[in-house]
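A.B. asks: Protein chains in written order, with our numbering: chain G, 1 to 111; chain U, 112 to 225.
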Amino acid sequence: QKEVEQDPGPLSVPEGAIVSLNCTYSNSAFQYFMWYRQYSRKGPELLMYTYSSGNKEDGRFTAQVDKSSKYISLFIRDSQPSDSATYLCATTTSGTYKYIFGTGTRLKVLA
Amino acid sequence: DAGVTQSPTHLIKTRGQQVTLRCSPKSGHDTVSWYQQALGQGPQFIFQYYEEEERQRGNFPDRFSGHQFPNYSSELNVNALLLGDSALYLCASSPLAGQADTQYFGPGTRLTVL
Numbered sequence: 001q002k003e004v005e006q007d008p009g010p011l012s013v014p015e016g017a018i019v020s021l022n023c024t025y026s027n028s029a030f031q032y033f034m035w036y037r038q039y040s041r042k043g044p045e046l047l048m049y050t051y052s053s054g055n056k057e058d059g060r061f062t063a064q065v066d067k068s069s070k071y072i073s074l075f076i077r078d079s080q081p082s083d084s085a086t087y088l089c090a091t092t093t094s095g096t097y098k099y100i101f102g103t104g105t106r107l108k109v110l111a
Numbered sequence: 112d113a114g115v116t117q118s119p120t121h122l123i124k125t126r127g128q129q130v131t132l133r134c135s136p137k138s139g140h141d142t143v144s145w146y147q148q149a150l151g152q153g154p155q156f157i158f159q160y161y162e163e164e165e166r167q168r169g170n171f172p173d174r175f176s177g178h179q180f181p182n183y184s185s186e187l188n189v190n191a192l193l194l195g196d197s198a199l200y201l202c203a204s205s206p207l208a209g210q211a212d213t214q215y216f217g218p219g220t221r222l223t224v225l
């Protein structure tokens, strides 16, 4: 079993839709949770991070962590064609330095 | 403010050869991590360098080695290349030791092994 599971998609939505991207993880020791956006043939760009459980909002993006169910989510409101990319979730624990990534979900926002 | 930079952008090598990839961290960052990203997969942690020493290593063979210089830049060396080493190699830098939630990635070096 992978430590972080993520549906690879692709997920296609119309412009303006609310997008929900999700990951599950297996290790209850994970404390930090990140979302990266990766455009084709580019490096990952840090979008959001949260520590432990709860929500964090930044513009059109909301990150949500539910440690009781080991479930993390990224919501994108008013999605735009420019949001079309692969979204990677990542997690780590305090005192370690490696990030554990999901496989990424490919999102297509149709104009 | 320059972000993380990596060179070269692309590289083509043949099996058995050796390769060196380079990374300059973001200004103000002193920690460098290297990841391998195969096509369609998430990045896999190779190792992290801090204070010119390897601080943590992922599940990669000894063919993968690295170095960090006093100016915090870093190199990744891969010996005896295999076809399976073809991937995007990503460098990430962090501003302070122990801040686990702030790794910023460079654009990557795409390595093709023929």
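For glycine and all other residues, C-beta sits at the position ideal for the given N, C-alpha and C.
Strictly under 8 angstroms for the Cβ-Cβ distance: is Leu46 of chain G near chain U by that measure?
C.D. replies: Reading the first sequence from its first residue, position 46 is the one you call residue 46 of chain G. It does: the Cβ of Leu46 of chain G has a partner Cβ on chain U nearer than 8 angstroms.
A.B. asks: How would you call Ser26 of chain G, buried or exposed, if buried means at least 16 neighbouring beta carbons within 10 angstroms?
C.D. replies: Reading the first sequence from its first residue, position 26 is the one you call residue 26 of chain G. Exposed, because fewer than 16 other Cβ atoms sit within 10 Å of the Cβ of Ser26 of chain G.
A.B. asks: Checking 8 angstroms against the spacing of the C-beta atoms, do Ala203 of chain U and Tyr160 of chain U come in under that value?
C.D. replies: To locate residue 203 of chain U, count along the second sequence from 1; it is residue 92. To locate residue 160 of chain U, count along the second sequence from 1; it is residue 49. Against a cut-off of 8 angstroms, the Cβ pair of Tyr160 of chain U and Ala203 of chain U comes out as no contact.
A.B. asks: Under 7 angstroms Cβ to Cβ from Ala111 of chain G, same chain only, skipping five residues before and after it: list those, please.
C.D. replies: Along the first sequence, read from residue 1 onward, the residue named residue 111 of chain G stands at position 111. So the qualifying residues of the chain are Glu15, Pro81.
A.B. asks: Could you pull out every residue in the same chain whose Cβ sits closer than 6 angstroms to the Cβ of Thr131 of chain U, ignoring the five residues on either side in sequence?
C.D. replies: Here the question's residue 131 of chain U lines up with position 20 in the second sequence. Contacts found: Glu186, Asn188.
A.B. asks: Using 8 angstroms as the limit for Cβ to Cβ distance, is Arg166 of chain U near chain G?
C.D. replies: Position 55 of the second sequence, counting from 1, holds the residue named residue 166 of chain U. With 8 angstroms as the cut-off, Arg166 of chain U counts as an interface residue toward chain G.
A.B. asks: To the nearest angstrom, report how far apart Ser73 of chain G and Thr50 of chain G are at their CA atoms.
C.D. replies: To locate residue 73 of chain G, count along the first sequence from 1; it is residue 73. To locate residue 50 of chain G, count along the first sequence from 1; it is residue 50. About 11 angstroms.
A.B. asks: Exposed or buried, which one is Gln31 of chain G when buried takes at least 16 other CB atoms within 10 Å?
C.D. replies: Locating residue 31 of chain G in the first sequence gives position 31, where the first residue counts as 1. Flag for Gln31 of chain G reads buried.
A.B. asks: Do Pro44 of chain G and Phe216 of chain U have their beta-carbon atoms positioned less than 8 angstroms apart in this structure?
C.D. replies: As a working mapping, residue 216 of chain U is identified with position 105 in the second sequence. As a working mapping, residue 44 of chain G is identified with position 44 in the first sequence. Their beta carbons are under 8 angstroms apart, which means Phe216 of chain U touches Pro44 of chain G by this criterion.
A.B. asks: Do Leu225 of chain U and Gln148 of chain U have their CB atoms nearer than 8 angstroms?
C.D. replies: Within the second sequence, the letter at position 114 stands for residue 225 of chain U. Within the second sequence, the letter at position 37 stands for residue 148 of chain U. No; because the gap between Cβ atoms is not below 8 angstroms, this pair is not in contact.
A.B. asks: Give me the Cβ distance between Thr223 of chain U and Pro119 of chain U, rounded to the nearest whole Å; I'm assuming they're in contact under 8 angstroms.
C.D. replies: Taking the second sequence and counting its residues from 1, the one referred to as residue 223 of chain U is at position 112. Taking the second sequence and counting its residues from 1, the one referred to as residue 119 of chain U is at position 8. In fact, because the Cβ distance is near 12 angstroms, the residues do not count as touching under 8 angstroms.
A.B. asks: Determine the chain G residues that contact Leu187 of chain U at a beta-carbon separation under 8 angstroms, and present them in chain order.
C.D. replies: Counted from its first residue, the second sequence places residue 187 of chain U at position 76. Correct list: empty, because the minimum Cβ distance to chain G is about 14 angstroms.
A.B. asks: Within 10 angstroms of the Cβ of Pro136 of chain U, are there 16 or more other Cβ atoms? Answer buried if so, exposed if not.
C.D. replies: The residue labelled residue 136 of chain U in the question sits at position 25 within the second sequence. Under this definition Pro136 of chain U is a buried residue.
A.B. asks: Cβ of Tyr99 of chain G less than 8 angstroms from any chain U Cβ?
C.D. replies: For the purposes of this step, residue 99 of chain G is taken as residue 99 along the first sequence, with counting starting at 1. Yes, its Cβ sits closer than 8 angstroms to a Cβ of chain U.
A.B. asks: Contact check, Cys89 of chain G vs Val13 of chain G under 8 angstroms by CB: the rounded distance?
C.D. replies: Residue 89 of chain G sits at position 89 when you count from the first residue of the first sequence. Residue 13 of chain G sits at position 13 when you count from the first residue of the first sequence. Their Cβ separation, rounded to whole angstroms, is 18 angstroms, which puts Cys89 of chain G and Val13 of chain G out of contact at 8 angstroms.
A.B. asks: Would you say Tyr36 of chain G and Leu21 of chain G are within 8 angstroms of each other, going by their C-beta atoms?
C.D. replies: Translated into the one-based positions of the first sequence, residue 36 of chain G becomes position 36. Translated into the one-based positions of the first sequence, residue 21 of chain G becomes position 21. Taking 8 angstroms as the Cβ cut-off, Tyr36 of chain G and Leu21 of chain G do not qualify as a contacting pair.
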